[in-house]
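Working notes for the structure below.
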Amino acid sequence: MDEQPLRILSLDVENILRVVAVHVRPDGKVLELTGRNRQGKSSVIEAIWMALGGERLIPTDPIHDGAEVGRIVLDLGDDAGTQYRVARKIVRADNEKGFATSLTIEGADGKNPQKILNGFIGALSCDPLDFIAMKPQEQFDLLKQFVAGVDFDKIAKANDDDFKTRTDVNRDAKAKRVQADGIRIDPDAPTERQDEGKLVAELAAAGEANAAAERFRSGLAAKKVRAEAADAAAEANRKRIEELRKEITALEVLADQTDAEAADLRLEIAEAGDCPAPVDTADLTARINAARDANARFDAAERARADRTRLDSEAATLEKRADELTKAMADRTAAKEKAVAEAKMPVAGISFGDGAILLDGHPLAQASQAQKLNLAIAIAVALQPRLRFITTKNAALLDKDSWKALVDLAEQQNLMIIAETVQSDRPTAVVIEDGRVAKPVAQAAE
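One point on numbering: in the working numbering, the residue at position 347 of the sequence shown is 368, and numbering is uninterrupted.
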């Protein structure tokens, strides 16, 4: 029996807010409370939730002016009769809250009364039409509780962080690619380095050969000068023979000696052979310079290739990181969508967009009023499965067609709807004036 859905079979409110005394025994699926503003209609609805929700739903001044004690009694049950009688008493008190409250429940089998009632009440129990007026993000946040095990905020933050990181990574990767593309490699650069050392060695050897040849020529020239000098000396000595008879013997010896010396020098000249041909160093120097230029171009090309390879590698690493971030975001989104798809939603076709609820793939704001009403009521029922009634203070905002849709939904879902309107002329409406029932309607109010 504890698992049977419950509805309100009877309601008594005394000295609560604007209510003086109201007794209502609903008959039918819709209980309409109507009348002028500030007559106590809203107070009746608030009293229901004060009785069920306890202190968290009791305002700071809950007792009617002039009274010391307020009472709310609800009979909750089903077609078999009353299962629980909920009695809430609120007394003025000199404490921080300004009141004290007590609760009894007949049929609770000695269990904690408020704990039982807390299990009946859902987050949207007070007014499903409030859901329709919510902002998309508020609707989104409310329906998230139907998807077990999914932390939407954590997923959104992780995806947002990864999106920002991926943006930075992609920007860095693009910069690396731009740098790599900006490097120009000489297409005509040699494919291998030139051996400058070998050419320099050749140049040194050529220089040494040329120096030796120059020394050879200088030596021969010196000997030629010396030979000519010896000839001149011999001639001079011969001229002096006549003049120097006394010295002739010595001079003849000297002449013979100088003749012999000249002969020896001429013999050396004759035996010396041809002078070595000089080596042309201009071509070798040009080849060395060309090799140095080629090697500079080769080294520049090698550095460019290394830089491009490094930048390409760094860009590839960043692009891989960006892909990993994209996959992480996609995996989170897929897991969230899977959880949403597997969740038991109150209405078929509900899904989650970017901070908004989608109905059949379209934002809920685009749905018809009837669709929104159907969804709001379905959510209220899903959030309080034990209570087969919901309340709304905003029914005055419904046009004729929407009111009919509300009534039809109550019948279709076997659901009691307690709705507040303003000066309704419907014959079944219960009129509240000055905190009392002013117009009892056939078996609906007493």
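For each residue, glycine too, the CB sits at the ideal point set by N, CA and C.
Asked, Found
"Check whether the Cβ atoms of V43 and L52 sit closer than 8 angstroms, and answer yes or no.", "no"
"For R17, is the classification buried or exposed, using 16 other Cβ atoms within 10 angstroms of its Cβ as the cut-off for buried?", "The requested residue 17 does not occur in the structure, where the chain is confined to residues 22 to 467."
"What's the gap between the Cα of V451 and the Cα of F373?", "40 angstroms"
"Given a cut-off of 8 angstroms, decide if G75 and L124 are closer than it, judged by their beta-carbon atoms.", "yes"
"Measuring alpha carbon to alpha carbon, tell me which of F120, L95 and A201 ends up nearest P80.", "F120"
"Taking the C-alpha atoms as reference points, what is the distance between S389 and K359?", "27 angstroms"
"Return yes when the Cβ of G376 is within less than 8 angstroms of the Cβ of R161, no when it is not.", "The displayed chain sequence assigns Phe, not Arg, to residue 161. Yes, these two residues count as a Cβ contact at 8 angstroms."
"Mind pulling the alpha helix (DSSP H) runs of 4 or more residues that sit fully within the stretch 195 to 274?", "217 to 264"
"From the DSSP output, in three-state form, read off L38 for me.", "coil"
"Please list, in chain order, all residues of the same chain as N191 whose beta carbon is under 6 angstroms from its beta carbon, the five residues on each side excluded.", "A343"
"Check L419 in the structure and name its three-state DSSP category.", "coil"
"Among all the DSSP beta bridges, which residues are the ones paired with L379?", "S372 and P384"
"Three or more C-beta pairs under 8 angstroms: does that hold for the stretch 378 to 397 against the stretch 147 to 158?", "yes"
"Out of F319, G87, M350 and S334, which one is the CA nearest neighbour of P208?", "F319"
"What span of residues does the beta strand (DSSP E) with M437 cover, start to end?", "M437 to E441"
"Nearest CA to the CA of M350: which residue from P134, G56, T186 and L305?", "T186"
"Cβ of Q104 within 8 angstroms of Cβ of L95?", "no"
"By how many angstroms is the C-alpha of A230 removed from the C-alpha of A251?", "32 angstroms"
"Can you grab the Cα-Cα spacing for the pair L163 / K197, in whole Å?", "45 angstroms"
"Quick check: the stretch 416 to 433 against the stretch 390 to 398, are there 3 or more CB pairs under 8 angstroms?", "yes"
"Let's see if you can read the secondary structure: which residues bound the alpha helix (DSSP H) around Q104?", "Where Q104 is concerned, there is no enclosing alpha helix (DSSP H), although the beta strand (DSSP E) it sits in stretches over G102 to R113."
"So, using beta-carbon positions, are L27 and R407 closer together than 8 angstroms?", "yes"
"In whole angstroms, what separates the C-alpha of L145 from that of Q158?", "Note that L145 scores 49 on pLDDT, short of 50, meaning its location in the model is unreliable; the coordinates nonetheless yield the value given after this. Their Cα atoms are separated by approximately 15 angstroms."
"Residue range of the alpha helix (DSSP H) that E127 falls in?", "First-last for E127: F120 to E127, but that is the beta strand (DSSP E), not the alpha helix (DSSP H)."
"Between which two residues does the alpha helix (DSSP H) harbouring V300 extend?", "Unbroken run through V300: none, as it is neither H nor E."
"For F319, which three-state DSSP category applies?", "helix"
"Which residue's Cα is closest to the Cα of R457: L30, D48 and S63?", "S63"
"By the 10 Å Cβ neighbour count, where 16 or more other Cβ atoms means buried, how is R109 classified, buried or exposed?", "buried"
"Mapping the DSSP letters down to three states, classify G98 as helix, strand or coil.", "strand"
"By Cβ distance below 6 angstroms, which residues in the same chain neighbour P367 in space, the five residues on each side in sequence not counted?", "A399, I400 and A403"
"Is the distance from the Cβ of I126 to the Cβ of V107 below 8 angstroms?", "yes"
"Taking 7 angstroms as the limit between beta carbons, can you name the residues of its chain near R287, skipping five residues before and five after?", "A248"
"So the beta strand (DSSP E) E490 belongs to, where does it begin and stop?", "Given a span of 22 to 467 for the chain in the structure shown, any question on residue 490 remains unanswerable."
"Below 8 angstroms on the Cβ atoms is my guess for A416 versus A440; work out the distance and round it to an integer in Å.", "4 angstroms"
"So, at 7 angstroms on beta carbons, what are the nonlocal neighbours of A179 in its own chain, with the 5 sequence-adjacent residues on each side left out?", "R353"
"Of the residues I290, V90 and R39, which one's Cα is nearest the Cα of E67?", "R39"
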